[in-house]
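In the working numbering, the protein residues as written are 1170 to 1591.
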């Protein structure tokens, strides 16, 4: 038994409320269950209950055992001063000196709810409902996708707004940061974020016409220009970087931030940095052109078709020549990744922040994802249903990482359906 399950029963009125009595025999009539509190303090706020002949207004606290009231220190916490009812699964506090009425609900709800919930929690999968999902009505699943996607985009909007705050006169540094994170993919996302924080966009803009100087700045600031043996190109990069570093008073990051382990050579951070440099060179550090409302998937596929300078056709790291010559273009799946994780959220944020038609921002962002193929990764492979497009895959990623992983089935429409309809 856990409080999470008991809170669910209370919130959705799945308790036999007509059978409630306090442990000292007074009849309890629940007029208003209160509103769920996800912050600190009692579980439900502003409830109204009648105990005996007295009407009370205040808060509800729920525990598996009544003795937890004192164990959790609620008797000393002012946030719990206005609790009017202590709802517990088991009243195990024989010497209860609290003045707060206690209601035991051990046998006051359908027993099969607990059986189904216990069986669900015992499944050996991250997506606990995998075996049930094919039998859940499609309308419930589709509505759930829309709900979690709205949550996901609101989270992205809040994050981008916080990151924009220091540069409210200019949104381009924000776009620079978002694209850099996307070029880091999952493994080197944080390292790319550190790189752009150490390397002002204003510096790169002064050299946007020179790919070699962009590479010198980015590789130097990344701490990835090797010491010791260097080939001619690396020596040239180092010489150029030292000049630019002194000119702009730059401070490089530590090379240890970058992760090469378990990556295919084409995904090495050195290749991603070279591609990022080519991207900045190709768009001339002008991100606005990528966010225009008249841009379509085909336009982005062309604009984001970046490669590397010729040097990296024969190298995966600086001064480390490869046995095989190959183009290091960003593949189609990589471009889709940039659209999903940079262009779509930036457009949503920009339209929500600046556009007079911000009410259309959700629809426009969702439309982009609906036109892109589904992502394939470790998270989406956990989902037992067919994933049709990037909207589906993004909703699955949000659901699995924010609900399924933490076993929050009772906050999910699918979990609610399984519990009530089996």
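All residues carry an ideal CB built from backbone N, CA and C; glycine is no exception.
Everything numeric in this text was worked out from a predicted model, so none of it was measured.
Span of the alpha helix (DSSP H) around residue i
i	result
residue 1278	No alpha helix (DSSP H) contains residue 1278, which DSSP labels as neither H nor E.
residue 1403	1401 to 1417
residue 1499	Where residue 1499 is concerned, there is no enclosing alpha helix (DSSP H), given that its DSSP letter is neither H nor E.
residue 1227	Looking at the DSSP string, residue 1227 is not in any alpha helix (DSSP H); the run it does join, the beta strand (DSSP E), is 1223 to 1234.
residue 1372	1370 to 1374
residue 1452	1438 to 1452
residue 1532	1530 to 1539
residue 1365	1358 to 1367
residue 1559	1559 to 1568
Where residue i sits in the DSSP three-state scheme
i	result
residue 1343	helix
residue 1425	helix
residue 1490	strand
residue 1201	strand
residue 1482	helix
residue 1522	helix
residue 1255	strand
residue 1191	strand
residue 1315	helix
residue 1196	strand
residue 1396	coil
residue 1262	coil
First through last residue of the beta strand (DSSP E) which encompasses residue i
i	result
residue 1216	1213 to 1220
residue 1179	Unbroken run through residue 1179 is the alpha helix (DSSP H), 1172 to 1180; no beta strand (DSSP E).
residue 1384	Careful: residue 1384 lies outside any beta strand (DSSP E), inside the alpha helix (DSSP H) at 1380 to 1390.
residue 1272	1271 to 1273
Contact belief for residue i with residue j at Cβ below 8 Å, rounded distance in angstroms
i	j	result
residue 1480	residue 1434	That belief does not hold up - the Cβ atoms of residue 1480 and residue 1434 are roughly 15 Å apart, past 8 Å.
residue 1260	residue 1192	5 Å
residue 1382	residue 1367	Not quite, the Cβ-Cβ distance comes to about 17 Å (not below 8 Å), so this is no contact.
residue 1588	residue 1282	6 Å
residue 1229	residue 1246	At roughly 15 Å, the Cβ-Cβ gap does not stay under 8 Å, so residue 1229 and residue 1246 are not in contact.
Buried versus exposed call for residue i [16 or more other C-beta atoms within 10 Å across all chains shown]
i	result
residue 1420	exposed
residue 1254	buried
residue 1337	exposed
residue 1328	exposed
residue 1506	buried
residue 1415	exposed
Reference residue i, options the options, closest by Cα
i	options	result
residue 1461	1517, 1590, 1326	1517
residue 1515	1211, 1333, 1215	1333
residue 1359	1467, 1424, 1301, 1226	1424
residue 1320	1256, 1553, 1268, 1535	1535
residue 1608	1287, 1496, 1508, 1427	The structure shown does not extend to residue 1608, since the chain is modelled only from 1170 through 1591, so no value can be given for it.
residue 1293	1533, 1582, 1583, 1573	1573
residue 1522	1588, 1330, 1304, 1181	1330
residue 1340	1477, 1217, 1457	1457
residue 1201	1215, 1417, 1270	1215
residue 1188	1250, 1220, 1210, 1344	1220
residue 1493	1487, 1502, 1483, 1499	1483
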